[in-house]
Amino acid sequence: MTDKDSRYRFLLEKANVRGVLVHLDQTWSEALSRAEYPPNVQRVLGHAMAAIPLLASTIKFTGKLTLQAKGDGPVSLLVVQANSQGGQRGLAQWREDPPAGPLTDVFGQTSLSIQIESGRGEVYQGVVEVVGEGLQDALANYFEHSEQLPTRFWLHCSEQGAAGMLLQQLPEESRTTDGDEDDWQRVVMMADTITGDELYQRPPQELLSKVFSEDEVRLYDAEPVRFECNCSRDRTAGLIAGLGREEATEILAQEGQIEIICEFCNSKNVFDSIDVETIFRGGDQSGTIH
Ligand SMILES: [Zn+2]
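So my numbering is basically just the index in the sequence shown, starting at one, shifted up by 2.
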């Protein structure tokens with residue numbers, strides 16, 4: 003039994019390669035429970051949920067990291083988000099179940115965006131081209147162009163859980179040994195032998211020492227990850243304010259109340275006519291905290 007819902011950084015010191023492994027158990031089942039996802043929508047969402055903590059581990063940030071695709075393909079929207087404290091959430095919307103790949107047949111003519119919002123309101127946005135069979139290929143391509151560091155991803159998901167691994171060549175300045183020219187190719191080849199089930203089932207120490215038996219693996223302490231949504235009644239009130247008084251009043255007249263369900267976590271916020279009036283008068287919402 004491994005500690006699920008954890009991320010593990012590791013170092014293949016002699017090969018000058020760093021790595022990250024992630025196991026999602028509860029985190030994945032919570033995301034999965036929000037909708038009746040068709041099999042290949044579930045697949046791409048699972049891969050994205052496994053990829054986001056890997057991506058987060060490569061970037062120093064203190065706010066939110068979002069990976070998003072919006073397109074005209076069978077999967078119309080995919081959004082996964084991680085914060086710097088190990089919380090993550092994700093959802094997908096679809097027109098029909100896509101094929102398993104290539105990625106252009108999943109999302110259509112579009113690109114994925116990577117957005118980093120620092121806690122201080124600064125935003126960095128990167129574009130991930132939709133290339134290859136799956137997210138792992140598109141992300142590897144992104145790193146090759148943006149960071150100029152050879153980086154590879156392995157992603158897996160099933161009904162039970164999701165898992166992922168990242169390998170990245172260390173930049174020159176971080177290397178402690180000379181290593182061999184072909185070290186990178188060699189470790190990637192070894193990593194390619196890992197099956198999806200192994201990636202998810204095997205305890206990290208056991209998996210890594212088996213696969214990278216020629217290398218000394220330095221495995222760092224597990225970092226917990228969890229499903230976490232940052233929706234709140236205040237944010238939802240902001241959405242209603244965005245509708246404008248006229249439209250909000252119209253919905254109230256028809257429905258008697260305004261009900262907003264968070265698509266990430268299914269939590270429901272209900273606003274009656276008094277709440278709505280308070281929003282448009284700019285008053286506080288303190289009477290009815292979710
Ligand atoms: Zn939520």
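We put the beta carbon where it would ideally sit given N, CA and C, even for glycine.
For asparagine 18, there is no enclosing beta strand (DSSP E), since its DSSP letter is neither H nor E. DSSP places arginine 220 inside the beta strand (DSSP E), whose first and last residues are 219 to 221.
Membership of phenylalanine 145 in the alpha helix (DSSP H) is indicated by the continuous run 137 to 148. Bounds of any alpha helix (DSSP H) do not take in glycine 89; it lies within the beta strand (DSSP E) bounded by 89 to 96. In chain order, the residues positioned with their C-beta nearer than 6 Å to some heavy atom of ligand 1 are Cys231, Cys233, Cys264, Phe266, Cys267, Ser269. The Cβ-Cβ distance between phenylalanine 109 and serine 86 does not fall below 8 Å. Per the coordinates, the alpha-carbon of arginine 11 lies some 9 Å from the alpha-carbon of valine 24.
DSSP places threonine 60 in the helix class (H, G or I) of the three-state scheme. Inter-residue distance for proline 206 and alanine 224 is about 10 Å (C-alpha atoms, whole angstroms). Taking the CA atoms as reference points, valine 43 sits about 43 Å from aspartate 180.
By the C-beta criterion, the segment 249 to 261 is judged not to be in contact with the segment 26 to 46, since fewer than 3 inter-stretch pairs fall below 8 Å.
As a beta-bridge residue in DSSP terms, glutamine 170 pairs with Arg20, Thr153. Of all alpha-carbon atoms in Leu221, Ile196, Ile262, the one lying nearest the alpha-carbon of arginine 235 is that of Ile262.
Residue pairing from DSSP places histidine 25 in a beta bridge opposite Ser8, Ala165. Of the residues Ser269, Gln259, Gln171, Leu210, the one whose Cα lies closest to the Cα of glutamate 279 is Gln259. Apart from sequence neighbours up to five positions away, the residues of its chain that approach aspartate 217 with a beta-carbon distance below 6 Å are Leu14, Lys16, Ala17, ordered along the chain. By the 16-neighbour rule on beta-carbons within 10 angstroms, histidine 147 is exposed. Residue Phe214 holds the alpha-carbon nearest to the alpha-carbon of arginine 188 among Leu209, Phe214, Met167. Under DSSP, arginine 237 takes part in no beta bridge, so it has no partner. According to the DSSP assignment, serine 211 belongs to no beta strand (DSSP E) but to the alpha helix (DSSP H) extending over 206 to 213. Contact between the segment 72 to 90 and the segment 49 to 58 is present, with at least three C-beta pairs closer than 8 Å.
In the pairwise beta carbon analysis, the segment 92 to 108 is classified as touching the segment 127 to 141: at least three pairs are separated by under 8 Å. In the displayed model, proline 76 falls within coil according to three-state DSSP, outside both helix and strand. A Cβ-Cβ distance of about 5 Å is found for the pair leucine 168 and phenylalanine 155, placing them in contact under the 8 Å criterion. In the DSSP assignment, valine 133 falls outside any alpha helix (DSSP H) and carries neither an H nor an E. By the 16-neighbour rule on beta-carbons within 10 angstroms, arginine 20 is buried. A straight line joining the alpha-carbon of isoleucine 242 with that of glutamate 208 spans about 51 Å. Under the criterion of beta carbons closer than 8 Å, alanine 71 and leucine 26 do not qualify as touching, at roughly 19 Å.
Judged by DSSP in its simplified three-state form, isoleucine 263 adopts strand. Here alanine 94 really is in contact with valine 46; their C-beta atoms are around 7 Å apart, less than 8 Å.
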